[in-house]
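Chain order of the listed sequences is A and B. Okay, so the first sequence: first residue is 1 according to full-length UniProt numbering, each after it adds one. Okay, so the second sequence: first residue is 1 according to full-length UniProt numbering, each after it adds one. Where is the CB? At the ideal position from N, CA and C, for every residue including glycine. Below is one structure; the comments refer to it alone.
There are 2 protein chains.
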Amino acid sequence: MTQTHDDLTELEAQFTEHLQLDADAADLLFREARTANTFSDEPVTDEQVRAIYELVKWAPTSMNNQPLRIVLVRSPEARARLVEHMGGNNKPKTSTAPLVAVLAADDDFHDELPKVFPVFPGARDMFADEEMRRSSATMNATLQIAYFILGVRAAGLAAGPMTGFDADAVTREFFPDGKHRALAVVNIGRPGDGAWFERLPRLDYDEVVTTV
Amino acid sequence: MTQTHDDLTELEAQFTEHLQLDADAADLLFREARTANTFSDEPVTDEQVRAIYELVKWAPTSMNNQPLRIVLVRSPEARARLVEHMGGNNKPKTSTAPLVAVLAADDDFHDELPKVFPVFPGARDMFADEEMRRSSATMNATLQIAYFILGVRAAGLAAGPMTGFDADAVTREFFPDGKHRALAVVNIGRPGDGAWFERLPRLDYDEVVTTV
Numbered sequence: 001m002t003q004t005h006d007d008l009t010e011l012e013a014q015f016t017e018h019l020q021l022d023a024d025a026a027d028l029l030f031r032e033a034r035t036a037n038t039f040s041d042e043p044v045t046d047e048q049v050r051a052i053y054e055l056v057k058w059a060p061t062s063m064n065n066q067p068l069r070i071v072l073v074r075s076p077e078a079r080a081r082l083v084e085h086m087g088g089n090n091k092p093k094t095s096t097a098p099l100v101a102v103l104a105a106d107d108d109f110h111d112e113l114p115k116v117f118p119v120f121p122g123a124r125d126m127f128a129d130e131e132m133r134r135s136s137a138t139m140n141a142t143l144q145i146a147y148f149i150l151g152v153r154a155a156g157l158a159a160g161p162m163t164g165f166d167a168d169a170v171t172r173e174f175f176p177d178g179k180h181r182a183l184a185v186v187n188i189g190r191p192g193d194g195a196w197f198e199r200l201p202r203l204d205y206d207e208v209v210t211t212v
Numbered sequence: 001m002t003q004t005h006d007d008l009t010e011l012e013a014q015f016t017e018h019l020q021l022d023a024d025a026a027d028l029l030f031r032e033a034r035t036a037n038t039f040s041d042e043p044v045t046d047e048q049v050r051a052i053y054e055l056v057k058w059a060p061t062s063m064n065n066q067p068l069r070i071v072l073v074r075s076p077e078a079r080a081r082l083v084e085h086m087g088g089n090n091k092p093k094t095s096t097a098p099l100v101a102v103l104a105a106d107d108d109f110h111d112e113l114p115k116v117f118p119v120f121p122g123a124r125d126m127f128a129d130e131e132m133r134r135s136s137a138t139m140n141a142t143l144q145i146a147y148f149i150l151g152v153r154a155a156g157l158a159a160g161p162m163t164g165f166d167a168d169a170v171t172r173e174f175f176p177d178g179k180h181r182a183l184a185v186v187n188i189g190r191p192g193d194g195a196w197f198e199r200l201p202r203l204d205y206d207e208v209v210t211t212v
């Protein structure tokens, strides 16, 4: 009932005529891209991160609210503080990746709405309720985490996104203002030796999609 | 402090050398793609949706858990039931889009883990706690919503993702089993007359990214 990557060619032949995206891009972002578990020593530059951001910033969020905030963990001291709070399996990866980014939601994103959603001057006041604001921040920052992962791949790099860490502790370490929440940590770099586990099966179309 | 789409050319010249993704794909998925507010009459076929799914299914989720479930709302009766619960501004769009999809999280995704994450037989039992399971379902289904939006664009179609609807009511209408939660509704089709609002500004790199 599930498909593995080995079946891709047949599926491609059947459905890719319906894609406008070219095959190289489809492979780079989706079909051949993999979550890396080891990385080479090649550094990830600020210019690469900037290129990723300037691409993925255009992807949509609710009312253009863009709550994602990104902390690039570059100093050895900051790296050590982060690794301490990663889950056991993730510690070696996060210790050795060329670059690690903490991705967080800004719970005060509504303060930016007069600037990023000027078409509706009342937008900021819609988010006076803290719980509703937090919920929107989480959802939209999570959408942006997905865009960011694909942006890393668009730069020809491998991403290693992780949720296995002590999110409260990372939030306290890296966002002491109490207005941001760490949602994911992403290792970034060129894949190293043995970077890939075996490709895991995906659910069939009929297991996911129904029609009413 | 913010950039509009008019500034893209200068930024492109500065940073796109760091992208491996070709310019046509970057434009199709991110830079030129827009949230559509009107649609043409051209139908969206099941084959197009299948092509979208066969592309985006490869994007990563935590432990490959793939909690996203998609309901294609094709019958006029189902469309009417959905439109009733959409926010006022969204009713006309959802009434007229060639295809509307309800995107939901499957809170019982853990039942699929023995199949989709066979490398760790204990995976299903890690999610015995309902609140933790629900949290993982929400986060990972939201990542998959972002992948789906970009997949719609990869098919040369415009997406109109919306969170402005009565989610509890839509969940009750379309998922009476009590094990799924509607997270987003997406209008899908070719853009119609006046499909685009003015492009809204994005946050500057320095407003989003910091380094420690």
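DSSP-derived helix/strand/coil call for residue i
i          : result
Asn-89(A)  : helix
Gly-151(B) : helix
Glu-200(B) : It should be pointed out that residue 200(B) corresponds to Leu in this sequence rather than to Glu. Coil, per DSSP.
Val-209(B) : strand
Thr-2(B)   : At Thr-2(B) the pLDDT is 47, less than 50, meaning the model places this residue with poor confidence; the figure from the coordinates comes in the next sentence. Strand.
Nearest residue (CA-CA) to residue i, options the options
i          : options                                          : result
Leu-203(A) : Thr-35(B), Lys-93(B) and Val-56(B)               : Val-56(B)
Pro-43(B)  : Ile-188(B), Ala-154(B) and Val-116(B)            : Ile-188(B)
Phe-117(A) : Leu-72(B), Val-100(B) and Pro-201(B)             : Pro-201(B)
Glu-173(B) : Phe-30(B), Ala-36(B) and Glu-77(B)               : Glu-77(B)
Trp-58(B)  : Pro-121(A), Leu-28(A), Met-139(A) and Val-49(A)  : Leu-28(A)
Glu-17(A)  : Arg-50(B), Val-119(B) and Asp-166(B)             : Arg-50(B)
Met-162(A) : Ala-36(B), Thr-61(B), Gln-48(B) and Leu-19(B)    : Thr-61(B)
Gly-164(A) : Met-126(B), Pro-121(B), Ala-33(B) and Arg-181(B) : Met-126(B)
Asp-166(B) : Thr-35(B), Ala-182(B) and Ala-158(B)             : Ala-182(B)
Ala-80(A)  : Arg-69(A), Val-100(A), Asn-64(A) and Ser-135(A)  : Val-100(A)
Ala-36(A)  : Gln-48(A), Glu-112(A) and Arg-190(A)             : Arg-190(A)
Ala-104(B) : Asp-41(B), Phe-15(B), Lys-179(B) and Pro-114(B)  : Lys-179(B)
Leu-113(B) : Leu-82(B), Asn-89(B) and Met-63(B)               : Met-63(B)
Ala-195(A) : Asn-140(A), Asp-111(A), Lys-93(A) and Thr-138(A) : Lys-93(A)
Val-152(A) : Gly-122(A), Glu-130(A), Pro-98(A) and Tyr-53(A)  : Tyr-53(A)
Ala-184(A) : Leu-157(A), Ala-33(A) and Leu-82(A)              : Leu-82(A)
His-110(A) : Glu-207(A), Ser-95(A), Val-102(A) and Glu-131(A) : Glu-131(A)
Closer than 9 Å at the beta carbon, the chain A residues around residue i
i              : result
residue 213(B) : This structure does not reach residue 213(B), given that chain B is present from 1 up to 212, and the question cannot be answered.
Ser-40(B)      : Here the premise fails: no neighbours, minimum Cβ distance about 16 Å.
Ala-154(B)     : Leu-19, Gln-20, Leu-21, Ala-25, Ala-26, Leu-29 and Phe-30
Assigned exposure category for residue i - 16 Cβ within 10 Å defines buried
i          : result
Phe-197(A) : exposed
Arg-133(A) : buried
Ala-171(B) : Checking the sequence shown, residue 171(B) turns out to be Thr, not Ala. It counts as buried.
Val-209(B) : buried
Val-73(A)  : buried
Pro-67(A)  : buried
Met-1(A)   : With a pLDDT of only 41 at Met-1(A), under 50, the local geometry of the prediction cannot be trusted, and the value read off the model is given with reservation. Label assigned to Met-1(A): exposed.
Thr-4(B)   : Here Thr-4(B) scores only 49 on pLDDT, less than 50, and its place in the model should not be relied on; the value that follows carries that caveat. Thr-4(B) comes out exposed.
Gly-87(A)  : exposed
Asn-65(A)  : buried
Thr-138(B) : buried
Ser-135(B) : exposed
Arg-199(A) : exposed
Gly-160(B) : buried
Val-129(A) : It should be pointed out that residue 129(A) corresponds to Asp in this sequence rather than to Val. By the 10 Å Cβ count, Asp-129(A) comes out exposed.
Ala-23(A)  : exposed
Neighbouring residues, chain A, relative to residue i (Cβ below 7 Å)
i         : result
Asn-64(B) : Leu-200
Arg-69(B) : Val-208
Thr-35(B) : Pro-60
Proximal residues of chain B, C-beta to C-beta of residue i below 8 Å
i          : result
Leu-72(A)  : Val-209, Thr-210, Thr-211 and Val-212
Ile-188(A) : Residues of chain B passing the Cβ test: none, with the nearest at roughly 13 Å.
Ala-78(A)  : Val-212
Residue i: contacting residues in chain B (beta-carbon distance under 9 Å)
i          : result
Val-56(A)  : Phe-30
Ser-75(A)  : Thr-211 and Val-212
Val-123(A) : Just to set this straight, residue 123(A) is Ala in the shown sequence, not Val. Near Ala-123(A) there are no residues of chain B at all, since even the closest Cβ is about 11 Å away, more than 9 Å.
Neighbour list for residue i in chain B, Cβ cutoff strictly below 7 Å
i          : result
Pro-161(A) : Pro-60
Leu-142(A) : At residue 142(A) the sequence reads Thr, which differs from the Leu that was named. Met-139, Thr-142 and Leu-143, listed in chain order.
Arg-50(A)  : Phe-15 and Tyr-205
Contact test: residue i Cβ vs the ligand GTP heavy atom, cutoff 8 Å
i         : result
Asp-46(B) : Because no ligand of any kind appears in the structure shown, any question about the ligand GTP cannot be addressed here.
Could you give the uninterrupted runs of the alpha helix (DSSP H) lying entirely in the UniProt domain "Nitroreductase" (33-189) of chain B, keeping only those of 4 residues or more? 46-56, 76-83, 91-96, 113-116, 123-126, 130-154 and 167-174
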